[in-house]
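The structure appears below as C-alpha cells.
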Amino acid sequence: MIKDILRLKYSAKLSHEAIARSLGISKGVVAKYLGMAGAARLDWAAVAELDEAGLERRLLGRSSAETAVIQPDFAHVHIELRRKGVTLMLLWQEYRAAHEGRRTWAYTQFCEHYKTFTKRLKRSMRQHRRAGEKLFIDYAGSTLALADGSRAQVFVAAMGASSYTFACATTDQSMRSWLAAMARALAFYGGVPQESRARDSCGNQQDRIM
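So the sequence shown is numbered by my numbering: it starts at 863 and just counts up by one.
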C-alpha cells in the first residue's frame, strides 16, 4: 500500500484526499508516508524500481520482516530434550546459529517462552509426597571422563517430597558400587526414608522398603 500511495501521488498526481479515498485509508496515513518519502528524497523513478521490502528499508531503515524475532520450533525443542545429553542451552545455541544475522531470543527469553509452551501441553497428575516417605535412586545422564582416561557412572538420589538431591560418581554400576553409593547417600541425608524407589533392569520402577 505504501508503494501505491507514492505511485498515485508522484505518477498520477492525485491529491491526498483522492489517494485516501482510492485506497480506503485516512489522509493522515497518506501524509505520513509521503512525508517519509520526502525525507528519504525518493521520487517515483526511484520508488518504481524497489520491491516492498526495499521500499520499507529506505523509509524505515529496516523492513518489518528483518526486525521480527525468529520464533523457535518449541515442539521440536520439546522432543529433542528427551534425548540423552541434550539441554536447553545446547538447543538455544543451535537456534541462534541457524538464524545468524536475524533477531533471535536471548537465552533467558528462550527458556521463558519454552516454559509457556510446555504449560499448554497435556498436564500430568501431580504426585503428593509425604516428607521422608520415598527416596528415588538411579544412575543418570552421561558418564564422566576421569583424569586417568576411564569414565565414571553418576549415581543420583532425590527425596520425593523436597527433591533434596545427592549425587556421586562410581566406577561402574555393579551391586558393590550401587550399595556403596546408597550408603553414602543415606549418610548424606542423615537417616533412611520409609522406602526407596529404583528402576529394575527393564526400566520399571520398583519400591523397596528400607
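Even glycine gets a Cβ: it sits at the ideal position worked out from N, Cα and C.
Since residue i contacts residue j with CB under 8 Å, what's their CB separation in whole angstroms?
{"i": "residue 1002", "j": "residue 1018", "result": "5 Å"}
{"i": "residue 934", "j": "residue 996", "result": "Their Cβ separation, rounded to whole angstroms, is 36 Å, which puts residue 934 and residue 996 out of contact at 8 Å."}
Measuring alpha carbon to alpha carbon, tell me which residue in the options is nearest residue i.
{"i": "residue 891", "options": "938, 879 and 995", "result": "879"}
{"i": "residue 1004", "options": "960, 933, 941 and 1013", "result": "1013"}
{"i": "residue 1047", "options": "896, 1021 and 1011", "result": "1021"}
{"i": "residue 894", "options": "930, 964, 865 and 1056", "result": "865"}
{"i": "residue 1006", "options": "1034, 885 and 1040", "result": "1034"}
{"i": "residue 896", "options": "1016, 877, 868 and 930", "result": "868"}
{"i": "residue 1008", "options": "1032, 911, 889 and 990", "result": "1032"}
{"i": "residue 1044", "options": "1025, 1010, 998 and 965", "result": "998"}
{"i": "residue 930", "options": "1052, 967 and 960", "result": "967"}
{"i": "residue 980", "options": "911, 1038, 938 and 885", "result": "938"}
{"i": "residue 905", "options": "946, 1010 and 874", "result": "874"}
Inspect the beta-carbon positions of residue i and residue j and report whether they are closer than 8 Å.
{"i": "residue 976", "j": "residue 936", "result": "yes"}
{"i": "residue 870", "j": "residue 881", "result": "yes"}
{"i": "residue 902", "j": "residue 920", "result": "yes"}
{"i": "residue 993", "j": "residue 1023", "result": "yes"}
### Message
Does the structure place the segment 967 to 982 close enough to the segment 946 to 959 that three or more beta carbon pairs sit under 8 Å?
### Response
With a cut-off of 8 Å, the segment 967 to 982 and the segment 946 to 959 count as touching, because enough Cβ pairs lie within range.
*Please list the segments of the beta strand (DSSP E) lying wholly inside the segment 977 to 1041, counting only runs of 3 or more residues, in order along the chain.*
The DSSP assignment places 996 to 1001, 1013 to 1021 and 1027 to 1032 as complete runs of the beta strand (DSSP E) inside the segment 977 to 1041, in order along the chain (cut-off: 3 residues).
- Task: Scan the segment 884 to 910 and note each continuous alpha helix (DSSP H) run of 4 residues or more that stays entirely inside, going in chain order.
- Result: Whole alpha helix (DSSP H) segments, 4+ residues: 889 to 901 and 906 to 910.
Next on the checklist: Assess contact between the segment 940 to 949 and the segment 908 to 919, defined as three or more Cβ pairs (one per stretch) separated by less than 8 Å. Is contact present?
Outcome noted: No: the two stretches stay apart, fewer than three of their Cβ pairs being nearer than 8 Å.
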